[in-house]
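Read through the structure below, which is laid out as structure tokens, and then see the notes.
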Amino acid sequence: MAQPESSKLVHIHISKKAGLVEFSPSKELVVHHVSDNGTKTRKLATSLKNVLYAEIVSGNILKIATLARQKSSHRLVIVEGEIRGPDTAETAQVWVDELMKSAYGDVSPRRRFKVFVNPAGGQGKGVHLFEKRVKPILLAAHGEVDAVVTTHAKHATELARECELNFDALLTVSGDGLVFEVLNGFRDRPDAPKAFALPDGFDVALAALNAIKGQRMPYDLCSFTQDGKTSISFLSQAIGLMADLDLGTENMRWMGDARFIAGFLRGVAANKACGMTLSIRVANRDKAQMVEALHQFKANPKAATAPPAIENWEKAIAPRYAQDDVNSSDWFTFDKPVLYV
């Protein structure tokens, strides 16, 4: 039978009241007020994964920066208290080191962040969102922050193409459009493999936390070629109605996500079909085999924390099946007008 984990304790004064901070190495951080008769009153409890930084400042002050849940989101909380007996600055420092090790695991703290902020994002509140909600969290984690506010379309592509890769993570404060620009800026670099090895970035606080502590992992991208130019896409590609309801409602951004509903209804009413020939290379036509493959994958998951090495980058991003014979048995061709793909 597994033994319960023992908590690590440190004694402090919080606002001249006796306090106690404890954590269990794989669970949570808890802050208590302690009454004169020794009764503990819990004032804060949060997962260890939310702990951003802990340190001893001014010789004998314990300072902890963490995220804590507030209703449906998270907020930044700073806990400060003077170390009190039986603890000393030396024993408290040992406690801090153990807390940081438990909170970060194999991830190195104090990351360097490059941030691209779209002022039009978040219904025109992109800069305010970054300054008030994102940047304080990154700084509380003792991160280095280099932020650039974009000024025009494809500005992020230009920045990603030309910037030095002297940072640990690239964050985008915007919608998915800025991520698209960054990926295609990386694609145009002569050192593209190195650029793509960097992680890039709805609870804003948790998104910032993922940038601080998240581990690198591979991500599937697709490429498409139009008028001879190949671009990288990371979410989806759409033709017809689904593209029109997005591009056709740019002037309705003030509506928030409701603009997509308005665009969809307008598109359905117009019933504008697209004539096209669509050829699909089928990986597997047998549904039973697909289900079996899924079960095998779930039974033997492989955690990936680093992108696989790419020996031939140009080959990796080139259109893979451009020269295939679409009339072969591996391909299925659809040739009818459709509303969208």
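FYI, the numbering for the sequence shown is 833 to 1173, going by the numbering used here.
Idealized CB from N, CA, C, for every residue including glycine.
Computed from a predicted structure; not experimentally measured.
Between the alpha carbons of L1002 and N1042 lies a gap of roughly 12 angstroms.
Relative to E990, the option among L1015, K1168 and Y885 whose CA is nearest is L1015.
H987 and I910 have their C-alpha atoms some 36 angstroms from each other.
In summary, G958 is buried, with 16 or more beta-carbon neighbours lying within 10 Å of its beta-carbon over all protein chains present. With fewer than 16 other CB atoms across the displayed protein chains lying within 10 angstroms of its CB, D1008 is exposed. With contacts defined by Cβ atoms closer than 8 angstroms, V926 and V1005 do not form a contacting pair. Considered as a whole, the segment 893-952 harbours 893-902, 905-915 and 944-949 as its complete beta strand (DSSP E) runs of no fewer than 3 residues, in chain order. According to the DSSP assignment, K840 belongs to the beta strand (DSSP E) that extends over K840 to I846. Residue state for F1066 is assigned as coil, using DSSP reduced to three classes. Burial check for F1012: the Cβ neighbour count within 10 Å reaches 16 or more, so the residue is buried. Note on geometry: alpha-carbon atoms of A1120 and K1130 lie some 16 angstroms from one another. Per the DSSP secondary-structure output, C1106 pairs in a beta bridge with V1170.
The alpha-carbon separation between V949 and F962 amounts to approximately 7 angstroms. The beta carbons of C1106 and I1071 sit closer together than 8 angstroms. Under the criterion of beta carbons closer than 8 angstroms, L1073 and Y1172 qualify as touching, at roughly 4 angstroms. For F1129, no beta strand (DSSP E) encloses it; the enclosing alpha helix (DSSP H) starts and ends at K1119 to A1131. Residues E854, F855 and S856 of the same chain have their beta carbon placed closer than 7 angstroms to that of S839, with the five preceding and five following residues left out of the count.
In this chain, the alpha helix (DSSP H) harbouring F1018 covers D1008 to R1019. Scanning its chain for C-beta atoms nearer than 7 angstroms, with the 5 sequence neighbours on each side dropped, one finds around F1018 the residues A992, A1024, A1027 and F1028, in chain order.
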